[in-house]
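*Asks:* After the structure tokens below, expect a handful of questions from me.
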Amino acid sequence: VIDCSNTRQRTFWETMTPQTAYELGKQMINLKCLIHRYPRTPDGAPGVTAGCHVSAFGWCLGIVIGLVEGHVKGRQAAREEEGSATTMKEGSLQSLVFQGVVISTLGRQEAARLHRIINSAALAAAPSRFVDLPALTDVIGVIHSGDPYTQSVIKE
């Protein structure tokens, strides 16, 4: 769980680099579910119309991408190491979940700043091969905001 709900966890994820997330993901060869809990303002927060809220969808998105790409690479390497006799299925990641978490002190300006913390200051080129997630059956909470997050954040 990449979680923004408390300061300590938020700081941990915000200071991680995408490359570190990728290396961590390579060790997570049996990952089944990845949850990204990004910050959002309370309804009617300072600078926000009453009854509305602002979400920081991009918060640590580079970490999510790094973990997933690393997981795929690590699982592929583990299967290759076992060879043709492997009993390991091609994929294990079954669900990706994106959830907005209300941060009571969050206002519009801070939400906008957090949205820009995608942990991918210099996006790398797109992956050299398609990132295949054969076990993926559920993607919950994806919101398209028009941002072009189509590139890898990992430099290999």
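All residue numbers for the sequence shown refer to the working numbering, where the first residue is 143 and numbers rise by one. C-beta atoms are modelled at their ideal positions from N, C-alpha and C, and glycine is treated no differently. Given the structure is predicted, the values throughout are model-derived calculations rather than measurements.
Going by Cα to Cα distance, which pick from V143, P184, E211 is closest to L275?
*Replies:* Working through the sequence shown from its first residue, we reach residue 275 at position 133. The shortest C-alpha separation from L275 is found at E211.
*Asks:* Buried or exposed, going by whether 16 or more other CB atoms sit within 10 Å of the CB of F272?
*Replies:* To locate residue 272, count along the sequence shown from 1; it is residue 130. So F272 counts as exposed.
*Asks:* In whole angstroms, what separates the C-alpha of I296 from that of V214?
*Replies:* What you label residue 296 is simply residue 154 of the sequence shown in a count that begins at 1. What you label residue 214 is simply residue 72 of the sequence shown in a count that begins at 1. Below a pLDDT of 50, predicted positions are generally treated as unreliable, and I296, at 43, falls in that range; the measurement from the model is reported next regardless. Computed Cα separation, rounded: 13 Å.
*Asks:* Please classify I282 as buried or exposed, where buried requires at least 16 other C-beta atoms within 10 Å of its C-beta.
*Replies:* Residue numbering aside, residue 282 sits at position 140 when the sequence shown is read from its first letter. Answer is exposed; the Cβ neighbour count stays below 16.
*Asks:* To the nearest angstrom, how far is the alpha carbon of H178 from that of I171?
*Replies:* Taking the sequence shown and counting its residues from 1, one reaches residue 178 at position 36. Taking the sequence shown and counting its residues from 1, one reaches residue 171 at position 29. Taking the straight line from one Cα to the other gives about 18 Å.
*Asks:* Give the C-beta separation of L176 and S234 to the nearest angstrom, bearing in mind that I take them to be a contact with Cβ-Cβ under 8 Å.
*Replies:* Start at 1 with the first residue of the sequence shown, and residue 176 comes out as number 34. Start at 1 with the first residue of the sequence shown, and residue 234 comes out as number 92. The Cβ separation is near 11 Å, so there is no contact.
*Asks:* Have a look at M230, I259, A253, G186 and flag the residue whose alpha-carbon is nearest the alpha-carbon of I205.
*Replies:* Within the sequence shown, residue 205 is the residue found at index 63, counting from 1. It is I259.
*Asks:* Considering only the beta carbon of each residue, do L278 and Q236 sit closer than 8 Å?
*Replies:* Position 136 of the sequence shown holds residue 278. Position 94 of the sequence shown holds residue 236. Going by C-beta atoms, L278 is nearer than 8 Å to Q236.
*Asks:* From which residue to which residue does the alpha helix (DSSP H) around R250 run?
*Replies:* Against the sequence shown, residue 250 aligns to sequence position 108. Counting along the chain, the alpha helix (DSSP H) containing R250 begins and ends at 250 to 257.
*Asks:* Output the distance between the C-alpha atoms of E165 and D185, rounded to the nearest integer angstrom.
*Replies:* Along the sequence shown, read from residue 1 onward, the residue named residue 165 stands at position 23. Along the sequence shown, read from residue 1 onward, the residue named residue 185 stands at position 43. Answer to the nearest angstrom: the Cα atoms are 37 Å apart.
*Asks:* Which word fits A163, buried or exposed, when buried means at least 16 other C-beta atoms lie within 10 angstroms of its C-beta?
*Replies:* Position 21 of the sequence shown, counting from 1, holds the residue named residue 163. With 16 or more Cβ atoms within 10 Å of its Cβ, A163 is classed as buried.
*Asks:* Counting along the chain, where does the alpha helix (DSSP H) carrying L173 start and finish?
*Replies:* Counting from one through the sequence shown, the residue named residue 173 turns up at place 31. Careful: L173 lies outside any alpha helix (DSSP H) and carries neither H nor E.
*Asks:* Considering just the uninterrupted stretch of the beta strand (DSSP E) at I282, what are its terminal residues?
*Replies:* Here residue 282 is taken as the residue at index 140 of the sequence shown, counted from 1. Element bounds for I282: 280 to 282.
*Asks:* With 16 as the cutoff for other CB atoms within 10 Å, does R182 come out buried or exposed?
*Replies:* Here residue 182 refers to the residue found at position 40 of the sequence shown. It is buried - the Cβ of R182 has at least 16 other Cβ atoms within 10 Å.
*Asks:* List the residues that DSSP assigns as beta-bridge partners of L238.
*Replies:* Sequence index remark: in the sequence shown, residue 238 carries index 96 (1-based). Partner(s): L176, V281.
*Asks:* With distances taken Cα to Cα, identify the nearest neighbour of C146 among S197, G167, P160.
*Replies:* Position 4 of the sequence shown, counted from the start, is the residue given in the question as residue 146. Considering only alpha carbons, the answer is S197.
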